[in-house]
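Per my numbering, the sequence shown starts with residue 12, numbered consecutively. Each remark here refers to the structure printed beneath this line.
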Amino acid sequence: MAGREEQGQEASGRRARGELESDVLAALWSADGSLTAREVRDRLPGDLAYTTVLTILSRLYDKGMLVRHREGRGYGYEPARDEASHTAQRMHSLLKGGSDRQAVLARFVSELSEQDEHLLHQLLSGHDDVLSEGPNAPGER
């Protein structure tokens with residue numbers, strides 16, 4: 012059972028909270044365009060029911076995380092924001108929810124890799140050119 016927990020599943024065999032939404036978003040971010048519910052389902056691990064994927068897509072759409080457009084009798088879905096914007100918004104929300112911003116930021120910075128610390132320093136110094144380095148920027152994993 013420990014192996015399942017390490018792979019994001021609880022001891023009951025259920026996915027960890029939010030894992031399926033994250034998997035759906037990852038599938039959509041990796042696509043070259045919009046995907047239908049069936050196409051999303053085909054890109055996800057495991058044997059999920061079509062209705063389960065449709066429910067997750069609908070919930071993400073209701074949260075404003077996806078845009079959709081008619082595609083035949085169904086919809087094509089795309090992320091409303093790119094992955095970097097989504098992650099930055101989540102980080103900001105977590106920081107905002109903490110009771111001691113200074114402690115949270117200090118801990119965050121103290122645990123950065125040397126490359127990420129250098130990148131953060133460049134960004135804070137106003138060197139916007141580091142953003143143009145693309146997906147292979149220092150510290151990318």
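Positions of the beta carbon are idealized from the N, C-alpha and C atoms, including for glycine. Here the structure is a predicted model, which is why all the values come from computation and not from measurement.
In chain order, 79 place their CB closer than 6 Å to the CB of residue 72, counting only its own chain and leaving out the 5 sequence neighbours on each side. Only residues of its own chain outside the window of five on either side were considered, and among them 48, 88 have a CB closer than 6 Å to the CB of residue 68, listed in chain order.
Sequence-distant partners of residue 75 (beyond 5 residues in either direction) whose C-beta falls short of 8 Å from its own C-beta, in its chain, are 91. Taking residue 41 as reference, the option from 135, 95, 100, 107 with the minimal CA-CA separation is 95. Bridge partners of residue 82 according to DSSP: 85. Residue 136 and residue 109 have their C-alpha atoms spaced approximately 25 Å apart. Distance from the CA of residue 97 to the CA of residue 50, rounded to the nearest whole angstrom, comes to 22 Å. When DSSP states are grouped into helix, strand and coil, residue 49 belongs to the helix group.
Selection 45, 55, 44 evaluated against residue 33 yields 55 as nearest (Cα-Cα). Distances from the CA of residue 85 to each of 101, 113, 138, 61 were compared; the closest alpha carbon is that of 61.
Per the coordinates, the alpha-carbon of residue 35 lies some 19 Å from the alpha-carbon of residue 102. A straight line joining the alpha-carbon of residue 114 with that of residue 70 spans about 34 Å. DSSP, reduced to helix, strand and coil, places residue 77 within a strand of the structure shown. Contact check for residue 105 against residue 112 fails: the beta carbons are separated by 8 Å or more.
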